[in-house]
Amino acid sequence: MSDAAQSDAAQSDAAAVDTVELAGKTPDEHQPYEELGLRPDEYERIHTVLGRRPTAAELAMYSVMWSEHCSYKSSKVHLRQFAGTRTDRLLAGIGANAGVVDVGAGLAVTFKVESHNHPSFVEPYQGAATGVGGIVRDILAMGARPLAVLDPLRFGAADAPDTRRVLSGVVAGIGGYGNCLGLPNIGGEVVFDPSYAGNPLVNALCVGALPADRLQQAAATGPGNLVVLVGAKTGRDGIGGVSVLASATFDTGGGWAGSMAGGPAKRPSVQVGDPFTEKVLIECCLELFARDLVVGVQDLGGAGLTCAISETAAAGRAGMRVSLERVPLREASMEPPQVLVSESQERMLLIVAPPAVDEVLAVCRRWGALATVIGDVTDSGRLVVTWHGETVVDVPPASLADEGPVYERPIRRPADLDALAAAGPGSLPRPATGIELRETLVRMAASPNLCDRSWVTEQYDRYVRGDVVLAWPENAGVLRIDEGTERGVALSVDGNGRYCRLDPYTGTQLALAEACRNVAVTGAVPLAVTNCLNFGSPEDPEVMWQFAEACRGLADGCRELGLPVTGGNVSFYNSTGAVAIHPTPVVGVLGLFDDVTRRTPLGFSEEGDTILLLGVTRDEFGGSEWAWVTHGHLGGRPPQVDLRAERLLAEVLVAGSRDGMVDAAHDLSDGGLAQALVEACLRGGAGARIVLPAGADPFVALFSESAGRAVVAVPRSEELRFTEMCDARGLPMTRIGVVDGDSLDVQDAFSISLAELEQAWNATLPRLFGGGPV
Amino acid sequence: MSARIGVVTFPGSLDDVDAHRAVRIAGAEPVALWHGDHDLRGVDAVILPGGFSYGDHLRAGAIARFSPVMREVVDAARRGLPVLGICNGFQVLCEAHLLPGALTRNAGLHFVCRDMWLRVETVRTAWTSGYEPGQEILVPVKHGEGRYVAAAGTLAELEAEERVVFRYARGNPNGSFHDIAGVCDASRRVVGLMPHPEHAVDGLTGPSVDGVALFLSVLTAHV
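Protein sequences appear in the order of chains C and S.
Going from the first sequence to this note's numbering is simple: count from 1 and add 210.
The second sequence: position 161 = 144 (this note's numbering), numbered continuously.
In C-alpha cells, the structure reads:
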C-alpha cells in the first residue's frame, strides 16, 4: 500500500470510528457486549460509571479488564486471605507484577508463576512460548534481570492420542522461546492424568534479581511525563486472549474472534512470540533502568495496551492521554478497539520525564528496539485515548484497573466427595513377596509420572549465563545470584491434583509442604511463596468450593510456616463441557542460600555413606501414585499434613547442608521411598543396600506417600553428629542402609541392578513421544 | 600485562557473559566488542560466543556474518589473529567462510542440551595446545542446529590435514559427519566448535572444568 493510500485508509477508518461524542448522541446503539464476554449487569455498570453508553473502544477495554483473567472477580474475595501472610523482607507483594524479596547484600529477588493453559491447548507451541515471554516481562517490569524459568506442566494420559501433539508442541515452544532468550530452565513438573486431556496446564515461573534500590514502579506519575511504547509492533494476534480464551470453557467461547478480528480470515486468539525481539527488549530495558532513565514501567501482557495504560494511570493517581494512531501497527487497517486489546508480544510501556526522552530513544535505537512516544501523563484523573484527533476513550482509569466487578460466587461441597473418601485404597491388593515388590518398583519407576524426564529437559538450555548450580531432575533449581558473595536461591514448584481432588485444603498444604521440602533438601531456607491456582469454572459451585478450600489451605499453611504469599495467578475455566480438571493449585517456593557452594545434590555418589530416613512413615495410599499406576484408583484421604514437622525437617536439612554433614539428600513424595531411592541411585551412579526398619510392612515402607520425609546420605564421619542433631531437635530418624555397589538391594526382599532400573526408567518418554537419543 | 581477549556481542548473543567469565578464569582480560563497531580494540584474540544472533533469522549465523565487526574479524583472522567460535559463533564462522562446512538441523530434530564427552583430536591449534593429544573432556552441548556437514572432499581434506579438532567420543548428539564437534582453518588459529567449553570452567556450575584449558591455550599460543 502506498503512503497516500495508507493515509486514506486511516482516514476512512477514523471517519467510521465510534467516538465519545457519537456515544453521547446514540445512546440506544446496540452493542455486542455479550459476545465480548460481559454480562448484562456488567454492561449496565459501565453505563453508570460513564454516564453514557461506552464507545466501541471503551467496551473492548472494559470487556478485557473485567474478564475473569484480569479482574480476578470470582477469586478476589478468597485471595484476600493471603494478605495475612507477611515478612519484613517483602519489598513488593500481591498486586505488583511480581513479588520482590530482599535477600540481603543490597540484592532483591523477584519471582512469579503464571498460567498459559488455554492458548497452549489451542496452539501448543505458541501458547507455551508466549507463556514464557509473558512471565519474563513481569519480572523485567520490576526492574530485575530475568535469570531462569521453571515450567510445571500437566497433560492428559500419556498414551492418549492428543497428548503427543500437545506435549511435543508445548515443550518445543518453551525451549524455543526460553533458549533463544538465554534463560536457563531449571525445574518444573511433567504430570500426566486423564483429567487434563482437554485442558492441559502450562504454568511458567520466572525468577529474577535486581539491586534492591533499583525496584521499578508500575505507575504513571508526574503530569507532563511521556508515555513510551517499546518493542514489537502491534498486530492482530491475541485479540481477546484474556476474555475468550482464558475466561471461558472450551465449549462456550465468546465472539471476540469474529467481532474483533473481523471477517472470514478469523485470527486465533493465541499470541505469536518472537524471542529475539524480547531478548533485545530485556537488554534495552535493563540498560534504561541501570541509567535511571525511567519513572515507571509496565509490561504488556494479557489485555495488552489497555491493561498497561489503565493500570499505570490508576496506580499513579493521575491521568493519561494517549494518541492511539501513534502506536506502530503491523497492519494499517487495525481499528482502535483492536489496537487497545491486541496481545501482541514483546512490548513494554515506559513513563519517561521529558528531559530523558532523547536518551531513552537513543538507547532503544542502539538495541534495535522500536520506541515511540504515544502519550503523556496528565492531571485530569481521566484516561483519554484519541484516534487521529477524535476522542474514542474517556474513562476513570481505576474503573478499569481496580474497580471491576467482584463476585461472591456460590460454593457447594462436591456431592461425590464422601463417596470418594469412603472408597479408600485399603481394599486394593498389595504386593507382598519380594518378587512382587520388585515388580512394583520397576513398574512404578517406568510409569509416565515417575520416569526419567530427560526427553523434556534436554530440549531446554540449563547452562546459559553460567549461574545454574542445580537443575531438574534435582530437588529444586538452584542459582548463584551473586558471584562475589556466593549468595544463591533455590526454587521448586509442586502440585498434586489427585490429593486436591480428594481434599483441596489438605492437598494445597501438601503442595506447599512439598515445595518447601524440595527447597530445604538442597540446603536453602524457604523464604517466600508464589502460586498458580488452576481450576474449572467458577460458575460451578463445586469448583468454587474447591477453590475456596485451596485458598484457605494455602493461607493457613503459609501463616503457620511464616512464609508470605508474594503473588500469583488464577486460571479458571479449565473445563471441557461440564467436566473440570482436578483442582490443581501449583505452589512455588523461593529459598535462600547465604553460600550456594554448600548446596546438597540429589544423587548418591559416595560409597559407604549412611542412608538415613527422616520423618515418620504411615500407611497412606489415598491419591497415591501406587494406587493410580497399579489399580487406576483414586479415593480415600490424602496423606496427613503436619506443618510443624515439615518445618523441623527443613531446619535439620538446612543445618546439615550448611555444616557439611550431608553428601546427598532427596525428598520423599510421589512413589514414596522406593522412587526416591531409584532416583538417588541413578542420579549419582551408586547403588544402595537397604534394610527396612524391623517390624515395618515392606510395602508400606517402600511405597507410602507420607509427607514430611526425606532420605539423606551422610558420610560415616558425620553420622554421629547428624543423628545427635536429629535427636536433639526431636526429628524421628531411621538408619536404613548404606550407599554401595551397583544395584539397589532391599534386604530379604529383592535386588535390582542399576542398569536394569535405568533402562526401565529411561525408556518410557522416548517410547511414547519418539525421537530418543540419537 | 595480561592478554586481552575480545568477546563479540551480537543482538541475540546469549553466552557472551559466560565467555567473559571463562576468559577471566583463564587469567586474561575480557574485552566487550559490539557487533556494530568497526573496531577490535587491539585485542589479542576474539571469541564469537553462543546464542541466537539476530534471532537466527534466515539461517543461524547468516546475518551476523554481515555485521560490521565481522569484517574486522575476517580481516584480522586472515592476518593470523586467533578466533574461536562457539556454537552460534561456529555457525557464524562457517557462514563467513573462515571455516569449511555447515551446521544443519540436528538429526533428531530436537534442541539437545546434554553433557558430552569430546576427544581432543589435535593439539596443534591456537586453542588446544594446552590439552594432551587424544584427551577426553566433558563439555555440554546445547543446540538445535549442530549437525556438522561438509562435502566428501572437504571432509577428506580436514581429516588428512588433522583439522578435525574435537570429535564426539561417546555418542553423537546431532548426527554430525565423522562425529565432528569442532574444526580449524588451515592456519590452525581459527577454531569453531558446537559444544560449550565456557560452560565447563567452574565446578559449581559446570559438569567439569575441562573447558579452561581451551582459554589458557590461546594465551600461550599468542602472547
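For glycine and all other residues, C-beta sits at the position ideal for the given N, C-alpha and C.
At which residues does the alpha helix (DSSP H) containing residue i begin and terminate?
i	result
Tyr709/C	707 to 712
Tyr272/C	266 to 275
Phe985/C	As shown, chain C starts at 211 and ends at 984. That puts residue 985/C outside it, with no answer to give.
Thr740/C	No alpha helix (DSSP H) holds Thr740/C; the beta strand (DSSP E) holding it covers 735 to 744.
Ser285/C	Premise fails: Ser285/C is in no alpha helix (DSSP H) and is neither H nor E.
Gln669/C	No alpha helix (DSSP H) holds Gln669/C; DSSP gives it neither H nor E.
His986/C	Missing from the structure shown is residue 986/C; chain C here goes from 211 to 984 and no further.
Ala60/S	51 to 61
Phe160/S	Phe160/S -> no alpha helix (DSSP H), and no H or E assigned at all.
Since I believe residue j is in contact with residue i (beta carbons under 8 Å), could you give me their beta-carbon distance rounded to a whole number of angstroms?
i	j	result
Leu883/C	Val922/C	Actually they do not touch by this definition, with Cβ atoms about 13 Å apart.
Arg808/C	Ser867/C	6 Å
Thr827/C	Ala911/C	6 Å
Val699/C	Val319/C	6 Å
Val505/C	Ala563/C	6 Å
Gly72/S	Gly(-5)/S	Wrong, their Cβ atoms sit about 12 Å apart, outside the cutoff.
Pro751/C	Ile621/C	5 Å
Ser172/C	Met275/C	There is no way to answer for residue 172/C, as the model of chain C reaches only from 211 to 984.
Phe745/C	Phe782/C	6 Å
Thr306/C	Met271/C	Strictly speaking, residue 306/C in this sequence is Ala, with Thr absent from that position. Ala306/C to Met271/C, Cβ: 22 Å. No contact.
Quick one: does residue i have its CB under 8 Å from some CB of chain B?
i	result
Asp185/S	Note that chain B does not occur in the displayed structure, where the protein chains are C and S.
Grab the span of the beta strand (DSSP E) containing residue i for me, first residue to last.
i	result
Trp682/C	Trp682/C -> no beta strand (DSSP E), and no H or E assigned at all.
Cys70/S	Where Cys70/S is concerned, there is no enclosing beta strand (DSSP E), given that its DSSP letter is neither H nor E.
Met935/C	Per DSSP, Met935/C belongs to no beta strand (DSSP E); it is in the alpha helix (DSSP H), 926 to 939.
Phe960/C	960 to 963
Trp17/S	12 to 17
Thr596/C	593 to 597
Phe331/C	No beta strand (DSSP E) holds Phe331/C; the alpha helix (DSSP H) holding it covers 327 to 332.
Ile163/S	163 to 167
Met943/C	943 to 949
Thr695/C	Unbroken run through Thr695/C: none, as it is neither H nor E.
Would residue i and residue j be called neighbours here (beta carbons separated by less than 8 Å)?
i	j	result
Asp(-2)/S	Gly34/S	yes
Val482/C	Met558/C	no
Leu853/C	Leu771/C	yes
Ala152/S	Glu181/S	no
Asp98/S	Leu121/S	yes
Leu822/C	Arg945/C	yes
Asn409/C	Thr786/C	yes
Phe402/C	Gly366/C	yes
Leu630/C	Leu712/C	yes
Val(-10)/S	Ala15/S	yes
Gly379/C	Tyr406/C	no
Glu399/C	Leu363/C	yes
Ala429/C	Val437/C	no
Asp805/C	Leu357/C	no
Leu350/C	Cys495/C	yes
Val132/S	Glu104/S	no
Asn327/C	Leu420/C	no
Val417/C	Phe486/C	no
Pro250/C	Ile256/C	no
Ser277/C	Val452/C	yes
Every unbroken alpha helix (DSSP H) within the segment 348 to 403 of chain C, with a cutoff of 4 residues, ordered by chain: 371 to 391
Where are the beta strand (DSSP E) runs, 3 residues long or more, that stay fully inside the segment 92 to 129 of chain S, in chain order? 95 to 103, 119 to 126
Check each residue of the segment 880 to 898 of chain C: if its Cβ is closer than 9 Å to any Cβ of chain S, include it; give the result in chain order. none
Every unbroken beta strand (DSSP E) within the segment 523 to 603 of chain C, with a cutoff of 3 residues, ordered by chain: 529 to 533, 557 to 562, 581 to 588, 593 to 597
Please list, in chain order, the residues of the segment 91 to 103 of chain S that have any C-beta partner in chain C closer than 8 Å. Gly91, Leu92, His93, Phe94, Val95, Cys96, Arg97
Anything in the segment 656 to 669 of chain C with a Cβ closer than 9 Å to a Cβ of chain S? List those residues in chain order, please. Ser664, Trp665, Thr667, Glu668, Gln669
Quick one: complete alpha helix (DSSP H) runs, 4+ long, within the segment 783 to 838 of chain C? none
Contact set between the segment -10 to 13 of chain S and chain C, restricted to residues whose Cβ is under 7 Å from the partner: Pro(-6), Gly(-5), Leu(-3), Asp(-2), Val0, Asp1, Arg4
Starting from the N-terminal side, write out each stretch of the alpha helix (DSSP H) that is 4 residues or longer and does not extend beyond the segment 604 to 658 of chain C. 607 to 611, 627 to 632, 644 to 655
Can you list, in chain order, the residues of the segment 477 to 499 of chain C whose Cβ is nearer than 9 Å to any Cβ on chain S? Asp484, Pro485, Phe486, Thr487, Lys489, Val490, Glu493
Anything in the segment 566 to 578 of chain C with a Cβ closer than 9 Å to a Cβ of chain S? List those residues in chain order, please. Arg576, Trp577, Gly578
Any C-beta of chain S within less than 9 Å: which residues of the segment 742 to 757 of chain C qualify? none
Chain-ordered residues of the segment 324 to 342 of chain C with a beta carbon less than 9 Å from chain S: none
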